[in-house]
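Protein chains in written order, with this note's numbering: chain A, 3 to 114; chain B, 407 to 520.
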């Protein structure tokens, strides 16, 4: 049983479209991180959210942490081919010594 | 420029061979981790270390072992490789156990056991 469920599993869109991917859990997290992984590489940290209801923006990417700290979303505005990759969410628990629990990821393909 | 290095990037070996996957970081981080990643599955923690001479098993049972003799070096060893060990192995490090800090990952080693 996955602690973190990511949806959708796959997403294929055209350049310029908007999209939202989700990360859900029944558990409360101390923090939630989003990573992007490109083929043949390791994940790269995009953002960390720690406060319920927190919203962070990174250029065209908007990250939101749910009020109850059980879920998060990533919204991309006007997607570009360079956004293509595997988006992973990962959570930490209080007292968990920063051991990350990962979701299975959303694989995004943005076509020109 | 990568601050955490994994070698080799790709490895194809026969069943029963002993292998060591190398991981080194130049950031002086005390916390280091090994994750296993299979297609369509979440990353699973198999080993972690909070400093020199400190190693712990992760949430996913693994037949591999690790050592931490130097801060910058965290190798993973399989004494006798089997086809079930075929996977992508990712090494990561973190500045702190504080949950505010993210991980820096290496590029991974893709292992195939035939």
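Virtual Cβ for every residue (Gly too), placed ideally from N, Cα, C.
>> Would you say residue 106 of chain A lies against chain B (beta-carbon separation less than 7 Å)?
In response: Judged by the 7 Å Cβ criterion, residue 106 of chain A is in contact with chain B.
> Which term fits residue 29 of chain A, buried or exposed, when burial requires 16 or more other beta carbons within 10 angstroms of its beta carbon?
Replying inline: Its Cβ having fewer than 16 others within 10 Å, residue 29 of chain A is exposed.
> What's the call for residue 475 of chain B, buried or exposed, on a 16-neighbour Cβ count within 10 Å?
Replying inline: With fewer than 16 other Cβ atoms within 10 Å, it is exposed.
>> When you compare the CB of residue 68 of chain A with every CB in chain B, is at least one pair closer than 7 Å?
In response: Judged by the 7 Å Cβ criterion, residue 68 of chain A is not in contact with chain B.
> In the structure shown, what three-state DSSP assignment does residue 490 of chain B receive?
Replying inline: Helix, per DSSP.
> Who are the neighbours of residue 447 of chain B on chain A, taking C-beta pairs under 7 Å?
Replying inline: What residue 447 of chain B touches in chain A: 106.
>> Helix, strand or coil for residue 84 of chain A? Go by DSSP, reduced to three states.
In response: The answer is helix: DSSP assigns residue 84 of chain A an H, G or I state.
> Mind pulling the chain A residues with CB within less than 7 Å of residue 454 of chain B?
Replying inline: Neighbours of residue 454 of chain B on chain A, chain order: 101.
>> Since residue 486 of chain B and residue 422 of chain B should fall inside the 8 Å C-beta cutoff, what is the C-beta to C-beta distance between them, to a whole number of angstroms?
In response: Contact holds; Cβ gap of about 5 Å.
> Could one say the Cβ of residue 114 of chain A lies closer than 7 Å to chain B's Cβ atoms, at least one of them?
Replying inline: Not one chain B Cβ lies under 7 Å of residue 114 of chain A.
> By DSSP, does residue 422 of chain B sit in helix, in strand, or in coil?
Replying inline: Note: residue 422 of chain B maps to coil in three-state DSSP.
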